[in-house]
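Everything in the sequence shown is counted per UniProt numbering, starting at 1 for the first residue and increasing by one.
The beta-carbon is built from N, C-alpha and C at its ideal position, and this holds for glycine as well.
Remarks on the structure that follows.
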Amino acid sequence: MNTILKQLQLLKDAELHSNICKVCDKALTLVDQKSEANNAVFKLQVTLYYAEALFLTHQHSRAENLYREALQLRKDQLLKTKNSSNKMDNNLLSNMPSDVDLKYQIYLCCAALKQKQAAGEILQSIAPRHRTPKINMALGNIYKELGMDRAAVASYKEVLRECPMALEAAENLLKLGIKSIEVNSLMLQVTTDIGWLNQWIKAQGQLQLKDYAGALNTYKSMEVNGLLKNNHSLLLSIAYCYLYMCEYDKAISVLQKILRLDPHLLAGRDLLSTLLAASGSKEHIRALELLTPKIDIGLWSAEHWVVLGNYVYSLKKYDKATYYGHQALIMDRKNVEALLLKANALLQIKKYQESITHCSEALQICNMRYDIYKCLVECYIQTNRLREAESMAINACNQLNFSAQGYCLHAFVLLKDPMASSKTIRRTLEKAVSLDKSDSTNALYMLVEFLQREQQHEQASQLLLKRLQAREPTSRLHQLLGDCFINLKMDDEAFDHYNVALNLDPTNQRATEGLNNIGRSLTMSKRDSYYTCVGGETSYCNSQGTNSLDLDGEAESDTESGTW
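The structure is reproduced here in structure tokens:
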């Protein structure tokens, strides 16, 4: 028996874990056929070697059973040797893993098997005075996932008291609503010596309070001042600030920078693919194609499946996108990007109720994402559940800090509701326009088209002229001005603006249609200039211009990639 134990230790030192499994399998059969008194200690030792080897070879279910068996064997042996004079057995037991160690290994097996309830129960069976920081950290994570916030807070605080540099515990406390001042007080032992830590705690606190602009400035100050320049996790936090502020192009830029710094990094890769697919521009689709995984499929994580899913989604292969999103969720049920990918794909194939389910699940994990609310509202509208759509849009306004995007989403629902008053619609759109300082939504276009629908063309044209003076001209701005001037019987002005619109974007179909609608009052010289501006075409199309209220901003007629 001693020879077997020595050889098992030799195999363990050589990290030949699969060989240990084969030896232990036979050794346990051998020990069960003998009835010597010292077999119990030998069986315990072999069981521990076997359980560890199974765990390291990812056979978690068998490892869990053997660890539980070892725990019981240890308890039985302790009872036998309590009043025994056999010092050898006592010494052997004292050198073996303790009950606490064995229970933690059982927890690791349960966690790997995604048995959260069993994992929590085995850790809770450890007396509080015997809980080490790693046990409290594990308990905190389980409590947090199960929604037991108070218990999670208590566990994380215990971690910080013993290990004040435990940043994940500090971050989770902030996410659970603990103020940054209190978290800082638990970390005083290290914050006084580490300059950037106070700034990091401040930024994390601002992020949890939804002060995204403040958090962004704090994160940037940490990078600009050289404290954490080009740090991956800091840049990722900056990208998420831009995401929550709906500044998607800036978020894409930061995420692409992260991958240039470390092409093998997984964190943020799935989010980048989501934003690239949502953009839909040719440049971003090419970037998304380059992002697709090149490694063996057996090595893929949830992030890899999300990237591939978003790529096929951008190619309008929605059934495949649904499948890839499902594969990602099998690997990580809490992956927000996977939930959003599958929800958007289900929306496109008109499986609205399933899409609603996935959006709702995503909101439980992250309620600060505009794109999730947008998908959910679209599903409600498609199923004629306007009251629920409006309720969700109002909730989005609250959660998005009453941003332009939130008001725009609410206005979109109101425009679909025949019972909504024009006064409410206009007030909501005007609020969205006043908040949209960077033209990140189509609020202005929506307001102008609403005013045109209400026959208030003079007010619509004044809004557009004012925006034209303050912002860089776009094809759609000039096209809408042309529409206003046509309705105001100002054909010359309409012609000029349609011309400019087509110069800025020759594919602007509504500008072309608008020119057709001007009538026969134009001079021949102006008609000639029109033919020149559209590249020598000699015929007009016969379709009439429309006053669409599409919130995607009629991307086919405008090079801007505006959002709601």
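*Identify which residue in L435, P293, R387, A460 has its Cα closest to the Cα of M419.*
R387
*Tell me which same chain residues have a C-beta within less than 6 Å of the C-beta of L447, skipping the five on either side of it?*
L429, V433
*Which word fits D319, buried or exposed, when buried means at least 16 other C-beta atoms lie within 10 angstroms of its C-beta?*
exposed
*Grab me the residues of G536's own chain with a C-beta within less than 8 Å of its C-beta, minus the 5 sequence neighbours each way, in chain order.*
With a pLDDT of 35 at G536, under the threshold of 50, the modelled position of this residue cannot be trusted; read the value that follows with caution. Within the same chain, G536 has no close Cβ partners at all.
*asked:* I need the straight-line Cα distance from N2 to R62, nearest angstrom please.
replied: 25 Å
*What distance in whole Å lies between the Cβ atoms of A203 and T192, which are believed to be in contact at a cut-off of 8 Å?*
By a beta-carbon distance limit of 8 Å, T192 does not contact A203. Their separation comes to about 18 Å.
_Does T474 come out as helix, strand or coil in the three-state DSSP assignment?_
coil
*With DSSP as the reference, label T192 as helix, strand or coil.*
coil
*Kindly list the residues whose CB is nearer than 8 Å to the CB of Q199, restricted to its own chain and excluding five residues on each side of it in sequence; keep chain order.*
So the qualifying residues of the chain are T218, S221, M222, L227.
*Roughly how many angstroms lie between the CA atoms of T322 and Q399, to the nearest whole one?*
27 Å
_Excluding the 5 residues flanking G406 on each side, which residues of the same chain have their C-beta closer than 6 Å to its C-beta?_
A396, C397, L400
*Return the first residue and the last residue of the alpha helix (DSSP H) that Q117 is part of.*
116 to 124
*Where A511 and A302 are concerned, what is the direct C-alpha to C-alpha distance, given to the nearest angstrom?*
For A511 and A302, the distance between alpha carbons rounds to 44 Å.
_Integer-rounded CB distance, given that C21 should sit under 8 Å from T57_ = 7 Å
*Would you mind listing the alpha helix (DSSP H) stretches within the segment 252 to 330 that are 4+ residues and don't spill past its ends, in chain order?*
269 to 279, 282 to 291, 302 to 314
*If you compare alpha carbons, which of D491, N19, K43 is closest to residue 575?*
The question about residue 575 has no answer here: the residues shown for the chain are numbered 1 through 564.
*Specify the secondary structure class of T424 as computed by DSSP and reduced to three states.*
helix
*So, is A169 buried or exposed, given that buried needs 16 or more other C-beta atoms within 10 angstroms?*
Taking every protein chain shown into account, the CB of A169 has 16 or more other CB atoms within 10 angstroms, so this residue is buried.
*Residue environment, K374, which counts as buried when at least 16 other CB atoms sit within 10 Å*: buried
*Would you kindly check if the distance between the Cβ of K179 and the Cβ of G205 is under 8 Å?*
yes
*Quick one, which of I365, L174, Y104, E449 has its alpha-carbon nearest L481's?*
E449
*Do L465 and L444 come within 8 Å of each other at the CB atom, strictly closer than that value?*
no
*Quick one: using the 10 Å Cβ neighbour count with 16 as the cut-off for buried, is N442 buried or exposed?*
With 16 or more other CB atoms across the displayed protein chains lying within 10 angstroms of its CB, N442 is buried.
*K28 vs Y67 beta-carbon contact at 8 Å*: At residue 28 the sequence reads Leu, which differs from the Lys that was named. Not a contact, by the Cβ cut-off of 8 Å.
*Within 10 angstroms of its Cβ, does L146 collect 16 or more other Cβ (buried), or is it exposed?*
That one is exposed.
_Distance CB(Q335)-CB(Y313) smaller than 8 Å_ = Sequence inspection shows Asn at residue 335; the Gln mentioned does not correspond to that position. Cβ atoms of N335 and Y313: not closer than 8 Å.
_Using CA atoms only, rank isn't needed, just tell me which of A411, Q45, K34 is closest to Q7._
Q45
*If you follow the alpha helix (DSSP H) that L146 is part of, which residue opens it and which one closes it?*
Careful: L146 lies outside any alpha helix (DSSP H) and carries neither H nor E.
_Proximal residues to S155 (C-beta, below 8 Å), its chain only, five neighbours per side dropped_ = N136, M137, L139, G140, Y143
*Does any residue of chain D bring its CB to less than 8 Å from the CB of Q204?*
This model lacks chain D altogether; it includes just one protein chain.
*Report yes or no: do three or more beta-carbon pairs, one from the segment 247 to 256 and one from the segment 270 to 289, lie closer than 8 Å?*
yes
*asked:* Suppose you measure from the CA of L477 to the CA of A501; what does that come to, to the nearest Å?
replied: In a straight line, the C-alpha of L477 is about 8 Å away from that of A501.
_Let's test the definition: count the other Cβ atoms within 10 Å of the Cβ of K134 and tell me whether it reaches 16, buried, or not, exposed._
Burial call: exposed.
*Please list, in chain order, all residues of the same chain as H17 whose beta carbon is under 6 Å from its beta carbon, the five residues on each side excluded.*
A53, L56, T57
*Endpoints, alpha helix (DSSP H) assigned at C375*: 370 to 382
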